[in-house]
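J.: Here's a structure for you.
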Amino acid sequence: MFDSTPLLVYTLFYILVAACFVLRTSEFVSNGLTVENLFEMFIDKEYNNFVMHHIRRTSFTVVVHSCLPLVYLLGTLLESEKSYFIHTHFYELLCLTLVPIVYSCSLVYKWKDNKWASHPLSINLSRYDPGDWTLVAQNISAEYQRIEKLTLACGTLTRTVVTQNWIISISSYSVYVAKKSESSFLVYSSDNHVTTPDGTPGSVQFINIQVIPIRSRIKWFFVRIKSEDLKLLEEHIGQPIMIADNVKLQRSRTERFIEVFRDQVSQNPVYRGYTTAELEDSTCAGCLVNPPDVKLIKCCEDNTVNDVVNCTSCQCRPMWCVDCMAKWYESRQPQNDTTNWLSSKCTCPLCRQVFCILDVCPLQNSELAKTN
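In terms of the working numbering, the sequence shown is residues 7 to 378.
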C-alpha cells in the first residue's frame with residue numbers, strides 16, 4: 007500500500023499527533039492544543055456559562071474529530087511521491103473521508119435546532135423542567151461558579167463535578183447530569199495501576215461509580231475517580247455510596263503511610279516526661295479529636311555527613327496525635343518519590359526543630375506505648 011518512505015513516515019507521524027489530540031494528552035492540554043482552546047472565540051468560557059460551554063464544546067469536538075481523516079488525505083498531496091493506491095483512488099478516498107464530516111455536521115445541525123434544545127445535554131436537563139430547560143442550565147451554571155464545588159479529574163479525558171445540587175460527568179463527546187438528592191450511587195468495578203496518570207511512582211486504584219437517577223427517563227451514567235477520593239465524594243453528595251461485593255477498595259497512600267509510621271513509632275523509646283493525666287483535657291492540635299500521644303525527642307544518631315542537618319530535641323509540649331504527626335511528616339516529603347520517606351527528616355509543626363521518624367516517641371500510658 008505504501009510505495010515511499012516519506013509517505014510512511016507522514017502516516018505514522020499523523021497517527022501519533024491525531025491520537026494525542028483526540029486523547030487529550032497532558033502535553034497537548036498544557037500547550038492549549040484542545041478543541042475548546044482552538045475555537046475559544048466560538049465556545050463560551052466554562053466558568054461564565056457552564057452548560058452552553060459544554061454544549062458547544064461537544065458539538066465542535068464531534069465535527070473537528072470527524073475531519074481528521076480528510077486532513078490526512080489532503081496532507082498526502084504535499085508528498086511528491088504518493089502511493090499508487092492513493093494516486094489512483096484519490097477521489098474515492100475523498101468521498102469516503104467526507105462521510106463522517108457530513109454525518110457529524112448534520113448531527114450538530116439537528117442539535118442546534120431551536121436554540122440547542124435538541125442537544126443530548128439539553129434533553130437531559132429538560133427532564134427536570136419540561137417547560138424550560140434553560141432555567142435548569144442557569145441554575146447549574148450559577149452553582150458551578152461557587153467555590154464550594156468539587157472537581158475530580160481522571161486523567162485529561164474525564165472529569166466529575168459536584169455542585170450544591172448536581173453531579174456532572176464530563177467527557178470529550180458527552181456530559182451527563184443528575185440531581186444528587188434524586189440519585190443512588192454504586193461502586194461496581196475497580197482497576198489498579200502501578201503508576202499514577204501523571205507518571206509519579208506508586209500504585210493507584212480507580213473506581214467506577216454508577217449514578218442511577220430515580221426520576222424516570224433520565225439515563226444512568228458512571229463517574230470514574232481515584233479510590234482515595236471516595237470519602238470526599240461522599241461528603242459532597244451528602245449520602246453514602248454503596249460498594250458491590252466484588253469490589254475491594256485499596257487504601258490511599260496516606261493511610262498506608264500512617265500504618266507504617268505508627269508501627270515504627272510504637273517501637274521507639276517511650277517518653278515518660280508526661281502522663282495521660284496531665285494531658286487529660288488536651289486534644290490534638292491537628293484533628294481536635296484524639297488526645298496527644300507523641301513527643302519529639304532526639305533518639306537517633308547524628309549523621310557525619312556535613313551537608314546533612316542533624317536532628318534536635320523539640321521543646322514543645324505534646325500537642326499532636328500520631329496520625330496527625332504522620333500526615334504532617336508525609337506532607338513535608340517529596341510527593342514524587344516515596345522510597346526515601348522513612349529515612350528523611352521533617353520539622354516540628356510549631357518550633358521547626360528538625361526530627362526524623364526515630365525521634366517520634368510515644369507517651370507513657372498511651373496506646374502506642376502499650377504496644378511497645
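We put the CB at the ideal spot given by N, CA and C, even for glycine.
Have a look at 271, 215 and 256 and flag the residue whose alpha-carbon is nearest the alpha-carbon of residue 173.
T.: Selected option, being the one with the closest Cα: 215.
J.: Should residue 184 be labelled buried (16 or more other beta-carbon atoms within 10 Å of its own) or exposed?
T.: Classification of residue 184: buried, given that the 10 Å Cβ count is 16 or more.
J.: Taking the beta strand (DSSP E) that residue 182 falls in, what are its first and last residues?
T.: Per DSSP, residue 182 belongs to the beta strand (DSSP E) from 181-185.
J.: Kindly indicate which residue of 161, 165 and 156 has the alpha-carbon position closest to the one of residue 171.
T.: Checking every option, the nearest Cα to that of residue 171 belongs to 156.
J.: Considering only residues of the segment 291-364, which uninterrupted beta strand (DSSP E) runs meet the minimum length of 3 residues and lie entirely inside it, listed in chain order?
T.: For the segment 291-364, whole beta strand (DSSP E) runs of length 3 or above, ordered along the chain, are 300-302, 351-353 and 360-362.
J.: Just how far apart, CA to CA, sit residue 348 and residue 195?
T.: For residue 348 and residue 195, the distance between alpha carbons rounds to 33 Å.
J.: In the structure shown, what three-state DSSP assignment does residue 269 receive?
T.: In the structure shown, residue 269 sits in a helix (DSSP, three-state: H, G or I).
J.: Under the three-state reduction of DSSP, which class applies to residue 174: helix, strand or coil?
T.: Residue 174: strand per DSSP, three-state reduction.
J.: Any idea what DSSP makes of residue 159, helix, strand or coil?
T.: Looking at residue 159 - three-state DSSP - the assignment turns out to be strand.
J.: Could you tell me if residue 290 is buried or exposed, where buried requires 16 or more neighbouring beta carbons within 10 angstroms of its beta carbon?
T.: Per the 10 Å Cβ criterion, buried.
J.: If you draw a straight line from the alpha carbon of residue 8 to that of residue 40, how long is it in whole angstroms?
T.: Residue placement at residue 8 is poorly supported in this model, since its pLDDT is 45, which falls under 50; the coordinates still yield a value, given next. Between residue 8 and residue 40, the C-alpha separation is close to 31 Å.
J.: Among the candidates 233, 327, 222 and 20, whose CA atom is the shortest distance from the CA of residue 134?
T.: For the residues 233, 327, 222 and 20, the minimum Cα distance to residue 134 belongs to 222.
J.: Tell me the DSSP secondary structure of residue 164 in three-state form.
T.: Residue 164: strand per DSSP, three-state reduction.
J.: Using a threshold of 7 Å, state whether the C-beta atoms of residue 72 and residue 106 are closer than that.
T.: Yes, the Cβ-Cβ distance between residue 72 and residue 106 is below 7 Å.
J.: With DSSP run on the structure shown, which of helix, strand or coil describes residue 211?
T.: Three-state DSSP puts residue 211 in a strand.
J.: Per DSSP, what kind of secondary structure is residue 37 in: helix, strand or coil?
T.: Looking at residue 37 - three-state DSSP - the assignment turns out to be coil, as it is neither helix nor strand.
J.: If you drop the 5 nearest sequence neighbours on each side, which residues of the same chain put their C-beta closer than 8 Å to that of residue 192?
T.: Correct list, in chain order: 215, 216, 218, 247, 248, 249 and 250.
J.: Which of helix, strand or coil does DSSP assign to residue 287?
T.: DSSP places residue 287 in coil when its eight states are reduced to three.
J.: I need the boundaries of the beta strand (DSSP E) containing residue 231, first residue and last residue.
T.: Start and end: 227-232.
J.: Pull up the distance between the alpha-carbon of residue 335 and that of residue 344, whole angstroms please.
T.: Answer to the nearest angstrom: the Cα atoms are 12 Å apart.
J.: How many Å lie between residue 161 and residue 148 at the Cα?
T.: For residue 161 and residue 148, the distance between alpha carbons rounds to 26 Å.
J.: Do the CB positions of residue 66 and residue 34 come within less than 7 Å of each other?
T.: Not a contact, by the Cβ cut-off of 7 Å.
J.: To the nearest angstrom, how far is the alpha carbon of residue 271 from that of residue 328?
T.: Taking the straight line from one Cα to the other gives about 8 Å.
J.: Check residue 125 in the structure and name its three-state DSSP category.
T.: Of the three classes helix, strand and coil, the one that applies to residue 125 here is coil, per DSSP.
J.: Is there contact here, the segment 293-300 with the segment 367-375, by at least three beta-carbon pairs under 8 Å?
T.: Yes, since at least three Cβ pairs between the segment 293-300 and the segment 367-375 fall closer than 8 Å, the two stretches touch.
J.: Are the beta-carbon atoms of residue 175 and residue 227 separated by less than 7 Å?
T.: Result yes, Cβ atoms of residue 175 and residue 227 sit closer than 7 Å.
J.: In the DSSP output, which residue or residues are listed as bridge partners for residue 248?
T.: Answer is 192, bridged to residue 248.
J.: Please classify residue 277 as buried or exposed, where buried requires at least 16 other C-beta atoms within 10 Å of its C-beta.
T.: Answer is buried; the Cβ neighbour count reaches 16.
J.: Determine the direct distance from the alpha carbon of residue 80 to that of residue 166, and round the result to whole angstroms.
T.: Cα-Cα distance, rounded: 38 Å.
J.: Please specify which runs of the alpha helix (DSSP H), each continuous and at least 4 residues long, are wholly inside the segment 94-150, giving them in chain order.
T.: Listed in chain order, they are 96-122, 126-132 and 139-150.
J.: Can you list, in chain order, the residues of its chain with a C-beta nearer than 6 Å to that of residue 258? Leave out the 5 residues immediately preceding and following it.
T.: Here the set comprises 234.
J.: Identify which residue in 245, 213 and 17 has its Cα closest to the Cα of residue 188.
T.: Minimum Cα distance to residue 188 is reached at 245.
J.: Since residue 131 and residue 114 are thought to touch, with beta carbons under 8 Å apart, how far apart are those beta carbons, to the nearest angstrom?
T.: Not really, about 18 Å apart at Cβ, beyond 8 Å.
J.: Per DSSP, what are the beta-bridge partners of residue 218 in this structure?
T.: Residue 218 is bridged to 190.
J.: For residue 136, does the count of other Cβ atoms within 10 angstroms reach 16, so buried, or fall short, so exposed?
T.: Exposed.
J.: One question on the structure: do residue 357 and residue 306 come within less than 7 Å of each other, judged by their Cβ atoms?
T.: Result no, Cβ atoms of residue 357 and residue 306 do not sit closer than 7 Å.
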